[in-house]
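Below is one structure, written out as structure tokens; the observations come after it.
Protein chains: 2
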Amino acid sequence: MKNNVPPSDLRVFLAVLDEGGFRAAAKRLGVAPSKVSTTVSRIEATLGAPLLVRTTRSVRATEQGRALADRIAPLLAEVDQACMETANSTGRVRGRLKLNVPGAVMPDILPPILTKFQRKHPEVEVEIVVENDLVDIVASGCDAGIRYGASLEKDMVSIPIGPRVQQIALAAAPAYLEERGCPQSPGELTMHDAIRYRFHGGPLLPWMLKNGDETISVEPVTRLTISVNAMNTGLSYARAGLGIIGMFRNWLEDDFSAGTLVPVLADCWRDQEGPRLYYPGRLTPTPLRAFIEACRTS
Amino acid sequence: MKNNVPPSDLRVFLAVLDEGGFRAAAKRLGVAPSKVSTTVSRIEATLGAPLLVRTTRSVRATEQGRALADRIAPLLAEVDQACMETANSTGRVRGRLKLNVPGAVMPDILPPILTKFQRKHPEVEVEIVVENDLVDIVASGCDAGIRYGASLEKDMVSIPIGPRVQQIALAAAPAYLEERGCPQSPGELTMHDAIRYRFHGGPLLPWMLKNGDETISVEPVTRLTISVNAMNTGLSYARAGLGIIGMFRNWLEDDFSAGTLVPVLADCWRDQEGPRLYYPGRLTPTPLRAFIEACRTS
DNA sequence: ATAAGCTGTTCTCCATGAAGAACAATGTTC
DNA sequence: GAACATTGTTCTTCATGGAGAACAGCTTAT
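Residue numbers (the numbering used here), protein chains in the order written: chain A, 91 to 388; chain B, 91 to 388.
Written out as structure tokens, the structure reads:
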């Protein structure tokens, strides 16, 4: 009977309410905003009742829309749960795993973990979304995310992934050091130009250095601030002699070997907490659960 | 997450189980069999589990398919209920009404009822499916059906629609009566040729006639048996002098007026139960409820 | 006051899913 | 045993739904 609303359409409607907007819902569902718009309009036409009030810049449910959403959301969630359990009941780890990760883990942290994981679970198809600015994993339609230093969102769980610590190393081009001198103590860094990286969400990668038995925070003169996503850009400027760069040591190894960058105050480098895997605390699909296990055992 | 099965697909899966086959499910849902086939296959691929075993000529659920169906069927039914109640909450009678009716009610019984109904409820879109052979209203994807003399199916309710009784009239062409003589009593009918109508499902329209104070069943010599759907065919043969025809009086009025057919044994005509509206006993959409009310008050 | 950025919606075009036809397989009837 | 009827599935074609672009409207920043 054509009076029925396809429950898949209802899931679109629920996503709009969950995300607070059509574009956010579209992003989470991996569809175009126009589909979300036309789907909600079609539901309203079929039921003959407005479900959403679209004030510009915000969406909110009507009374009827809220009542409908409250009633069907747990039902559709349980349908998803039933499907997931059917999928899991085969005992095979299969399906798709979508990870939202910063560029920073792309060169050398994630590849070995993924390679091992996919060899162990060949039926899992992995999709990597490289993004730095977005913290909300669910809103981006991903199963899990990797982040440095992000605070824990509601209902999210985090475990370490990759190196438990990473050293923040300082480096400069030989030409820069010949011109400006090589600092002999952390205090001298304030007289130098710095190239600093900024995490998503605004915080700079801090320059915390060891000074004898203590750790001090150094605020150098910042000539350039770059998103952690644009890793290679920062390295290029550093190689060009723009200043002293502060970055994860593993990123700098190739330049050290090639001589294009030289370590600065190597004895003062201190450890930084490594990246963490974030995922929703419940409704864990089998592929994600297997990946979590792979992270725990690596 | 692409691990999710669209719940609309699950509805297709449930229809296959309900109807016991792919083609029956396709008919009920108003889609092509190929869509049902590919939809179920897609669900099985997504979940990585066979849900149905398709022995040729029969379909049955696997253990996992049965478990999944048992769990999600009430959930999706409640989702439909929630939508229906949202639609009803506007207080407006709107939507679609799909009726499965025999051709017998098309000329003069249904039109006045529908005309009145649609004038009262202009927002309802009515679709009429003319079918005689099929008894299962739900399996045909209709909201309700009209039938003569059909037995009550499980969970179905019936109310009279249109005339509470209809007379079974006998008639013949003048030329036939001149040649064979005009029967003076019901008993003489056995010496005449008959044109009889058959209801869907096999029973013939019985020739029950009054004989004094009693009612007798007459079994004439049947020259032609026609489905009630082919009403005009039977009339044509009768006009051509093939025999005495037995049919609802309202169908014969035009021929009586035109003189193309003449009443036979008019004093012996007895009343027959009129048609009935059949509909599922629960989950009554608003358009159907309004139509039921219209039938009750006409 | 203007520009920029973001929203939801509408419109256009095309890729995809669905309809329809054809097929292979099986059970029933003659 | 052959013919017939029906099934589920596969293949081909095309109509439609969705992506993408553009639009109108609104809020915020300059």
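Think of the CB as a built atom: it goes at the ideal place given N, C-alpha and C, for glycine as much as any other residue.
*Express the C-alpha separation of A116 (chain B) and W341 (chain A) in angstroms, rounding to a whole number.*
Here residue 341 (chain A) refers to the residue found at position 251 when the first sequence is read from its first residue. Here residue 116 (chain B) refers to the residue found at position 26 when the second sequence is read from its first residue. Rounded to the nearest angstrom, the two C-alpha atoms are 59 Å apart.
*asked:* Can you confirm whether the segment 218–238 of chain A touches the segment 171–189 of chain A when touching is taken to mean that 3 or more C-beta pairs between the two stretches lie within less than 8 Å?
replied: yes
*Within 7 Å (strictly less), CB to CB, does T374 (chain A) reach chain B?*
As a first step, residue 374 (chain A) is located in the first sequence; it is residue number 284 there, counting from the start. No, T374 (chain A) lies away from the interface with chain B (no Cβ there is under 7 Å from its Cβ).
*Against chain A: residues of the segment 159–186 of chain B by CB proximity under 8 Å*: R161, I162, L165, L166, E168, V169, D170, A172, C173, M174, T176, A177, S179, T180, R182, R184, G185, R186
*Is T392 (chain B) buried or exposed, if buried means 16 or more other CB atoms sit within 10 Å of its CB?*
An answer regarding residue 392 (chain B) cannot be provided, because it is not within the stretch 91 to 388 covered by chain B.
*Put W359 (chain B) into one of helix, strand or coil per three-state DSSP.*
As a position in the second sequence, residue 359 (chain B) is number 269, starting the count at 1. Reduced to three states, the DSSP call for W359 (chain B) is strand.
*asked:* Quick check on Q274 (chain B): buried or exposed, where buried means 16 or more other Cβ atoms within 10 Å of its Cβ?
replied: As a first step, residue 274 (chain B) must be located in the second sequence, where it is residue number 184. Looking at its Cβ environment, which holds fewer than 16 other Cβ atoms inside 10 Å, Q274 (chain B) is exposed.
_Check whether chain A comes within 7 Å of H282 (chain B), counting only Cβ atoms and requiring the distance to be less than that._
For the purposes of this step, residue 282 (chain B) is identified with residue 192 of the second sequence, where counting begins at 1. Cβ-Cβ to chain A under 7 Å: no for H282 (chain B).
*Determine, using beta carbons only, whether A139 (chain A) comes closer than 7 Å to chain B.*
Counting from one through the first sequence, the residue named residue 139 (chain A) turns up at place 49. Judged by the 7 Å Cβ criterion, A139 (chain A) is in contact with chain B.
*Does DSSP classify M91 (chain B) as helix, strand or coil?*
Indexing the second sequence from 1 puts residue 91 (chain B) at position 1. Summary for M91 (chain B): the model assigns pLDDT 44, below 50, so the residue's position carries little reliability; its value from the coordinates is reported in the next sentence. Note: M91 (chain B) maps to coil in three-state DSSP.
*Opening and closing residue of the alpha helix (DSSP H) in which A348 (chain B) lies*: Taking the first residue of the second sequence as position 1, residue 348 (chain B) is located at position 258. 339–348 is the extent of the alpha helix (DSSP H) around A348 (chain B).
*So S148 (chain B) is in the beta strand (DSSP E); what residue range does that whole segment cover?*
The count along the second sequence starts at 1 and reaches residue 148 (chain B) at position 58. Where S148 (chain B) is concerned, the enclosing beta strand (DSSP E) stretches over 148–151.
_In this structure, how does DSSP classify G252 (chain B) when only helix, strand and coil are distinguished?_
One-based indexing of the second sequence puts residue 252 (chain B) at position 162. Three-state DSSP puts G252 (chain B) in coil, outside helix and strand.
*Entirely within the segment 153–239 of chain B and at least 3 residues each: give me those beta strand (DSSP E) ranges in chain order.*
185–191, 214–220, 234–237
*Determine the burial state of D160 (chain B): buried for a count of at least 16 other Cβ atoms within 10 Å of its Cβ, exposed for fewer.*
Translated into the one-based positions of the second sequence, residue 160 (chain B) becomes position 70. Its Cβ having fewer than 16 others within 10 Å, D160 (chain B) is exposed.
*How about the segment 190–199 of chain A and the segment 106–114 of chain B: do they share at least three Cβ pairs that are nearer than 8 Å?*
no
*Proximity to S131 (chain A) [Cα-Cα], best of A:I316, A:L100, A:T323*: Taking the first residue of the first sequence as 1, we reach residue 131 (chain A) at position 41. Here the closest residue by C-alpha is A:L100.
_Proximity of P370 (chain B) and Y238 (chain B) at Cβ, strictly below 7 Å_ = Your numbering for residue 370 (chain B) matches position 280 in the second sequence. Your numbering for residue 238 (chain B) matches position 148 in the second sequence. No. Outside cutoff.
*asked:* If I measure Cβ to Cβ from M91 (chain A) and keep anything under 6 Å in the same chain, skipping five residues before and after, which residues do I get?
replied: Numbered from 1 along the first sequence, position 1 holds the residue referred to as residue 91 (chain A). Unreliable positioning characterises M91 (chain A) in this predicted model, as indicated by a pLDDT of 44, which lies under 50. A coordinate reading is not provided.
*asked:* By the three-class DSSP mapping on this structure, what secondary structure does D245 (chain A) have?
replied: Here the question's residue 245 (chain A) lines up with position 155 in the first sequence. In this structure, D245 (chain A) counts as coil in the three-state DSSP scheme.
*asked:* What does the Cβ neighbour count give for T128 (chain A), buried or exposed, with the cut at 16 atoms within 10 Å?
replied: Taking the first sequence and counting its residues from 1, one reaches residue 128 (chain A) at position 38. It is exposed - the Cβ of T128 (chain A) has fewer than 16 other Cβ atoms within 10 Å.
_Whether I334 (chain B) touches G324 (chain B) by CB criterion (7 Å)_ = As a first step, residue 334 (chain B) is located in the second sequence; it is residue number 244 there, counting from the start. As a first step, residue 324 (chain B) is located in the second sequence; it is residue number 234 there, counting from the start. Cβ distance not < 7 Å, so I334 (chain B) and G324 (chain B) don't count as in contact.
*asked:* Under 7 Å, CB to CB, which of the residues in the segment 144–157 of chain B have a partner in chain A?
replied: Q154
*asked:* Could you compute how far the alpha carbon of T376 (chain B) sits from the alpha carbon of E221 (chain B)?
replied: Looking up residue 376 (chain B) in the second sequence gives position 286. Looking up residue 221 (chain B) in the second sequence gives position 131. Each residue's Cα considered, the two are about 24 Å apart.
*Between A163 (chain B) and the rest of its own chain, which residues show a CB-CB distance below 7 Å, the 5 nearest in sequence each way excluded?*
Taking the second sequence and counting its residues from 1, one reaches residue 163 (chain B) at position 73. Result list for A163 (chain B): L104, in chain order.
*Within 7 Å (strictly less), CB to CB, does P97 (chain A) reach chain B?*
Within the first sequence, the letter at position 7 stands for residue 97 (chain A). It does: the Cβ of P97 (chain A) has a partner Cβ on chain B nearer than 7 Å.
*Say whether the segment 356–365 of chain B touches the segment 292–305 of chain B, bearing in mind that this needs 3 or more beta-carbon pairs closer than 8 Å, one atom from each stretch.*
yes
*Would DSSP call R144 (chain A) helix, strand or coil?*
Here the question's residue 144 (chain A) lines up with position 54 in the first sequence. Three-state DSSP puts R144 (chain A) in coil, outside helix and strand.
*asked:* Less than 7 Å between the C-beta atoms of V95 (chain B) and C173 (chain A), yes or no?
replied: As a working mapping, residue 95 (chain B) is identified with position 5 in the second sequence. As a working mapping, residue 173 (chain A) is identified with position 83 in the first sequence. Taking 7 Å as the Cβ cut-off, V95 (chain B) and C173 (chain A) qualify as a contacting pair.
*Cβ-based neighbour list, I203 (chain B), same chain, cut-off 8 Å, excluding 5 preceding and 5 following*: Locating residue 203 (chain B) in the second sequence gives position 113, where the first residue counts as 1. So the list reads I251, G252, A384, C385, S388, once near-sequence residues are dropped.
*For R254 (chain A), which residues in chain B fall below 7 Å Cβ to Cβ?*
By one-based count along the first sequence, residue 254 (chain A) stands at place 164. Here the premise fails: no neighbours, minimum Cβ distance about 29 Å.
_Can you pull out the residues from the segment 98–116 of chain B whose beta carbon lies closer than 9 Å to at least one beta carbon of chain A?_
S98, D99, L100, R101
*Leaving aside the five residues before and after S98 (chain A) along the sequence, list all residues of the same chain whose C-beta is less than 7 Å from its C-beta, in chain order.*
Translated into the one-based positions of the first sequence, residue 98 (chain A) becomes position 8. Excluding positions up to five away in sequence, the list is empty.
_Through-space distance from D344 (chain B) to G271 (chain B), alpha-carbon basis_ = Sequence index remark: in the second sequence, residue 271 (chain B) carries index 181 (1-based). Sequence index remark: in the second sequence, residue 344 (chain B) carries index 254 (1-based). Cα to Cα, G271 (chain B) sits roughly 23 Å from D344 (chain B).
*Can the beta-carbon of L299 (chain B) be found closer than 7 Å to that of R313 (chain B)?*
Numbered from its first residue, the second sequence carries residue 299 (chain B) at position 209. Numbered from its first residue, the second sequence carries residue 313 (chain B) at position 223. No, Cβ-Cβ distance for L299 (chain B) and R313 (chain B) is not below 7 Å.
*Beta carbon of E168 (chain A), beta carbon of L165 (chain B): below 7 Å?*
As a position in the first sequence, residue 168 (chain A) is number 78, starting the count at 1. As a position in the second sequence, residue 165 (chain B) is number 75, starting the count at 1. Yes; because the gap between Cβ atoms is below 7 Å, this pair is in contact.
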